[in-house]
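Quick note on numbering: the UniProt record's numbering labels position 187 of the sequence shown as 187, and the sequence is numbered without any gaps.
Positions of the beta carbon are idealized from the N, C-alpha and C atoms, including for glycine.
Below is one structure, written out as structure tokens, with a few remarks after it.
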Amino acid sequence: MKFAFIAKHRAVWPVAWMCSALSVSRSGFQAWLTRTPSQRAREDEVILVKTRASFVTSDRTYGARRVWRDVLAEGISCGLHRVERIMRQNALRARPRRRGLPKDEGERATTSPNLLERRFAADAPNRKWIADFTYIWTAVGWLYVAAVIDLFSRRVVGWSMQTSMTAQLVTDALVMAIWRRGKPDALLHHSDQGSQYTSEAFQRLMAEHDVTCSMSRSGNVWDNAAMESFFSSLKTERTARRTYRTRDEARADVFDYIERFYNLARRHSTLGYLSPVQFENRAKLA
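Structure, rendered in structure tokens:
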């Protein structure tokens, strides 16, 4: 490590000074410079290239476990701890989540019962959808983003972005989901008790398509934790690090995150570190 420090900073300070300060010999440093790298060191360099490519492709959001899966997918055999060490040595650190734990003090919904009951898994597509909306700040005001997720694959199947949080915002997201997935059969749709989801227009849309309504208990975000997790990922991995001058900039970036990265490429721990699209494609072949 001392020799590596000297090699890195020899354009800044004289080698003789650094060798003296670190109590190493100049001859030892010169021998280290000309020494042939070990087999393990050469392997580390190959792994580092793949690790850095995975980290950058994920927009610097992947931690060691997801990067390790990408490295394995490239045909390179190595352990998780080795990837962790290489990332640590090269300062490849993912942005941590900044999410507090909410209190579980909700009451039963009065509009519709909580039929989902926190069972955030489905044995087939289009059996359980969850929905919610969030907001993103831009220089010209808020942009509201609504999304619908299929719990089978955690794929975002519908989304909508508008300048106000009206019933139309969430209705458009559901319309997109139905259009993309085909008219669902025996579908459960879960959301919170927001006025947008209890509105006549939204409830009528669900009734027209025979969708069963489920709602979280009042003030209880844990009842829709999987949706909260998606929005946390969206903000932590993308929007929290950006400054949007216009709503159109924000729309384009959210679209890119959902359709290019999250659905197609982002490795999901719940899915065995496959992306939602990969998980669905594998299920079709099974």
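Contact between A64 and M87 holds: CB atoms are separated by about 6 Å, below the 8 Å threshold. Under the three-state reduction of DSSP output, C78 falls in the coil class, being neither helix nor strand. In the DSSP assignment, W222 falls outside any beta strand (DSSP E) and carries neither an H nor an E.
The beta strand (DSSP E) runs of length 3 or more contained entirely in the segment 202-279 are, from start to end of the chain, 212-215.
Its chain contains L234, R238 as the residues whose beta carbon lies nearer than 7 Å to that of Y257, once the 5 sequence neighbours on both sides are disregarded; these appear in chain order. Excluding its 5 nearest sequence neighbours in each direction, L169 has C-beta neighbours in its own chain below 7 Å: F133, Y144, A146, S160, Q162, Q196, listed in chain order.
For T51, the enclosing alpha helix (DSSP H) has its first and last residue at 39-57. Annotation: A131 to E84 spans about 35 Å, alpha carbon to alpha carbon. A direct Cα-Cα distance of roughly 59 Å separates A283 from W13. Distance from the CA of R93 to the CA of V140, rounded to the nearest whole angstrom, comes to 32 Å. Shown here for S199: same chain residues with a beta carbon closer than 6 Å to its own, the five before and five after excluded, namely A167 in chain order.
Bounds of any beta strand (DSSP E) do not take in S27; it lies within the alpha helix (DSSP H) bounded by 26-34.
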